[in-house]
Amino acid sequence: MFKRSFASLGENIKYLGVIALIFVPLVLVSYLCMIFGVYWGMDDAIKAARETLAGQDLTALNAYTSSAYSSLSFNQGFDAAHANFSSMTWSKNFFDGLKSLLAASYPSYSSALEPAINQAYTKTFWLQLFAIANFYGTCALSYYIPLALIWNKKVKRKFGTSCLTFCFDILIIGGSVAGIQKLASLWNWAWLFTTPLISFLSIFLHLLEAWFIEGRPNQIPFKTVVNPSNVALGGLFEFVILMIVVVTIGALSQNGSTNLASLLGLPLMFYCFICSAVKCDNYVMSLLTPTQRERKY
68 MFKRSFASLG ENIKYLGVIA LIFVPLVLVS YLCMIFGVYW GMDDAIKAAR ETLAGQDLTA
128 LNAYTSSAYS SLSFNQGFDA AHANFSSMTW SKNFFDGLKS LLAASYPSYS SALEPAINQA
188 YTKTFWLQLF AIANFYGTCA LSYYIPLALI WNKKVKRKFG TSCLTFCFDI LIIGGSVAGI
248 QKLASLWNWA WLFTTPLISF LSIFLHLLEA WFIEGRPNQI PFKTVVNPSN VALGGLFEFV
308 ILMIVVVTIG ALSQNGSTNL ASLLGLPLMF YCFICSAVKC DNYVMSLLTP TQRERKY
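Following our numbering, the numbering of the sequence shown begins with 68 at its first residue and continues without gaps.
This is the structure we're talking about:
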């Protein structure tokens, strides 16, 4: 089944460009929303505090805000700054800490400033939430749109069927991967355990999908498609590719930014899964008789 698996990576290489065109700009939007949201909310809250406390000793307020801004400085490295920008817990702690500081150091002004601080936090909260939702939505679109284009071109899969298949991928593969990573993290060897399990699970589910959508209506036996040999060979192929991606991300992370490494690694990983799905579809289509193939096309 997978004699030409590595060749399939080159056959669909143009779709890696499609993934990058979707993924990179939209992920940058997420980064900008996180940065802008945190700074906007903090600046609004601090400005309101300074205006209300005009004429007061602002030593405590200045020390608190200076410490917060230093936590967001890119001088400490992009990853360290991003960890705070992207953390809804960090932003909530900042605003809660600001209210506690005002209550302790400026008790007579605390009640008057609380509505302004709450409003500033609300801005930050929604922009951070949008950024997180946009990131995961971008990952989904980066996987689905190129795959839908390939399906439409090569196996004439209908748009509605493609959507149902994609939902299956998100619910089953995503849920299973999350569960595997959680279990593997207990031993702190997540990459070692998850990569082979993800590989074989992904191939099994892609074969199952291909049989159910393309093979089952054409009376192709289940065991002809989903059998130990196909799962083993396909999983081995995907494992090798995923390990190359994982090692690449790890090497870039050690010599630079983990976030920037992910900008390169995630599209490559999506492309790997897409090629696996296409290979499974092509295999099932190759089992069709000339009459069945003519009816399909």
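Even for Gly, the Cβ is constructed at its ideal location relative to N, Cα and C.
Can the beta-carbon of residue i be found less than 8 Å from the beta-carbon of residue j?
i	j	result
residue 105	residue 232	no
residue 345	residue 184	no
residue 139	residue 127	no
residue 328	residue 335	no
residue 302	residue 266	yes
residue 337	residue 210	yes
residue 270	residue 298	yes
residue 164	residue 131	yes
residue 263	residue 85	no
residue 294	residue 355	no
residue 332	residue 307	no
What does the alpha-carbon distance come out to for the pair residue i and residue j?
i	j	result
residue 90	residue 200	14 Å
residue 115	residue 176	11 Å
residue 283	residue 292	10 Å
residue 118	residue 161	19 Å
residue 339	residue 275	18 Å
residue 120	residue 186	18 Å
residue 182	residue 173	15 Å
residue 197	residue 314	31 Å
residue 341	residue 289	22 Å
residue 317	residue 348	31 Å
residue 358	residue 151	60 Å
residue 101	residue 296	46 Å
So, with DSSP's three-state summary, where would you put residue i?
i	result
residue 123	coil
residue 131	helix
residue 140	coil
residue 217	helix
residue 343	helix
residue 355	coil
residue 329	helix
residue 177	helix
residue 154	coil
residue 80	coil
Unbroken stretches of the alpha helix (DSSP H), 4 residues or longer, contained in the stretch 263-302: Counting only runs of 4 or more, we get 289-292.
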